[in-house]
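Each residue of the sequence shown is one higher than the one before, counting from 1315 in the working numbering.
Note that beta-carbon positions come from the ideal geometry of N, C-alpha and C, so glycine has one too.
Just so you know, these numbers come straight off a predicted model, no measurement behind them.
The next block holds one structure in the form of structure tokens; read it before the comments.
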Amino acid sequence: MGTGLSEFEFLTHTHYCTLPSPRSTPISEPSAAADGVRAILDSVAASLQRTLVSYSESISEPTDHGYLRGYQLELAASDGGAERRLVFVEPGLPSALSSDVLTVAVNSPDNGGTELVAVWLYPSDPALPALRTVTDVASTAAVLGSLGIDGSPGSVNVVSYRPGRRAVVRVDMESQRLFLKIVEPGKAESISERHELFRSSGLPVPRLLGWSADGVVAMSGLPGIEAQYAVATIVDQTAFLDQLEFLCSLLEVVPAVNTARPSLFNRLDWYLDRLTERLAGDAGRVAEVGQAIAAKGMEGREFEFTPVTIHGDLHLGQLFVDPESPSEIAGILDIDTAGVGDPADDAGAFYAHLVALAESLEERDPATASECFRLAEAWSARWRRNRNAGFDARARAIAATHLLGHALQPRAADPTAASRRLLERAATLVSAP
């Protein structure tokens, strides 16, 4: 997998948190909300027999029930010692309750009553029970042994983490580097089967090394470097996109036995509601852009298409390239979401992630940002030549919906301005004839 948590991973509509360093900016919430957060975190500190000194937000991810938030806590012990802990506050209750989950009643602003929230400390993620086991060398060695993998780990590092969904752990050993994907226990077997199927079908995916019923999937690394780190050096963008289209054509013929993750376009209204909350002063404009996206998507869906196997979450962070010749794609990651679907979903997602990455880099690395924008436009220019007449319209609507998702959590010095820019980019995308 990757060599570390990248800037790009913050840009997907599924937001990741950095470990162990949080954002340095303290949270800014209305005083009543901040008081509620403080009360919850004081309870956490008390349960640890510590005193809460300060806290800062490290993640805020929209969910169906509100926002899952992660806070970095600075704690003081009775002996004067200091420590740092990462805690997550999740609205509602997770399906996998355990003794590690603290439930706290908080005042509900909607009905004036109280509601329960789940609070848990990293790495005791209730949905990912195996995560706690693979965050230190000794217990990871035991896990590797149970999978029949020889050797002792020299170091273990969490390189990406989506609370409640998945984590990726890099294990460095004397003779090799491998990666452990931590997922919900019920998903490990199907993910391992999918890797075997895709690899036997000629796709350059990581080699499966083993899996366990508690949610660990062990895989080899891939050759080359992540494409997001090489985008500024892809001189021959035409050759790179030719390679990408060829990879997509290989995906199409894999005999997938499941459906891909549902298109983001199907949740357009949800993204519009969340963005209206974020940009309350621009509610009219958000609604206007939403109507244009919906119209473009319906235009594309007037034409029937043949579903094929797609990646389901295609972006630069999923691709590895040859460092000596970055236009050559050497491997592809994260086929967990792969299955039968509309190829316009992969096309739209790839475009939107490029644009969001460019937006995040424009201030500090304008040259790379420019290359991202150029690659995105070259990619979208290919859509009209697709054999399906509605492909271009569907890809534009899907990409615009992704851009709304990115606008919810922009990585920028001025997040509100960045959200508005992404909203306008979505509008421009669907205004094309």
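Report yes or no: is there a C-beta of chain D within less than 8 Å of the C-beta of Glu1404?
No chain D is part of this structure, which consists of one protein chain only.
Evaluate Thr1623 with the Cβ neighbour count: other Cβ atoms within 10 Å of its Cβ, from every protein chain shown; 16 or more gives buried, anything less gives exposed.
buried
From Gly1604 to Ser1504, what distance separates their C-alpha atoms?
36 Å
Can the beta-carbon of Ala1441 be found less than 8 Å from the beta-carbon of Glu1498?
yes
Per DSSP, cross-strand counterpart(s) of Ser1474
Val1482
CB-CB length for Leu1523 against Ile1463, believed under 8 Å:
6 Å
Are at least three pairs of beta-carbons, each pair with one atom in the segment 1632 to 1649 and one in the segment 1538 to 1555, less than 8 Å apart?
Cβ pair count under 8 Å is three or more, so yes.
Cβ neighbour criterion (16 or more within 10 Å) applied to Thr1715:
buried
On the DSSP letters alone, give me the boundaries of the beta strand (DSSP E) that Ser1639 sits inside.
1639 to 1646
DSSP-derived helix/strand/coil call for Gly1516
coil
Apply the 10 Å Cβ neighbour rule to Gln1363 and answer buried if 16 or more other Cβ atoms are within range, or exposed otherwise.
exposed
How close, in whole Å, do the beta carbons of Leu1400 and Thr1365 come, if the pair is a contact with beta carbons under 8 Å?
So it is not a contact: roughly 17 Å between Cβ atoms.
Apart from the five residues on each side of it in sequence, which residues of its chain come closer than 6 Å, Cβ to Cβ, to Leu1628?
Excluding sequence neighbours, Leu1628 sits near Asp1660, Ala1663, Phe1664.
For Ser1694, which of helix, strand or coil comes out of DSSP?
helix
Applying the criterion that 16 or more other CB atoms from any shown protein chain within 10 Å of the CB defines a buried residue, is Phe1512 buried or exposed?
By the 10 Å Cβ count, Phe1512 comes out buried.
Using the DSSP secondary-structure output, state which residues sit across from Ile1624 in a beta bridge.
Gly1653
According to the Cβ coordinates, are Val1654 and Thr1573 closer than 8 Å?
yes
If you follow the alpha helix (DSSP H) that Ala1713 is in, where does it begin and where does it stop?
1705 to 1722
Just how far apart, CA to CA, sit Leu1718 and Gly1459?
44 Å
Expressed to the nearest angstrom, what Euclidean distance is found between the alpha-carbon atoms of Arg1508 and Ala1652?
Answer to the nearest angstrom: the Cα atoms are 9 Å apart.
So what's Thr1590 in DSSP terms, helix, strand or just coil?
DSSP places Thr1590 in helix when its eight states are reduced to three.
Specify, as a first and last residue, the run of the beta strand (DSSP E) that Thr1547 falls within.
Taken as a continuous stretch (DSSP letters only), Thr1547 belongs to no beta strand (DSSP E), as it is neither H nor E.
Supposed close pair Ala1727, Glu1677 - CB separation, criterion 8 Å
About 7 Å separates the two Cβ atoms, so the contact holds.
So, for Asp1450: in the same chain, excluding its five sequence neighbours on each side, which residues have a beta-carbon less than 8 Å away from its beta-carbon?
Val1470
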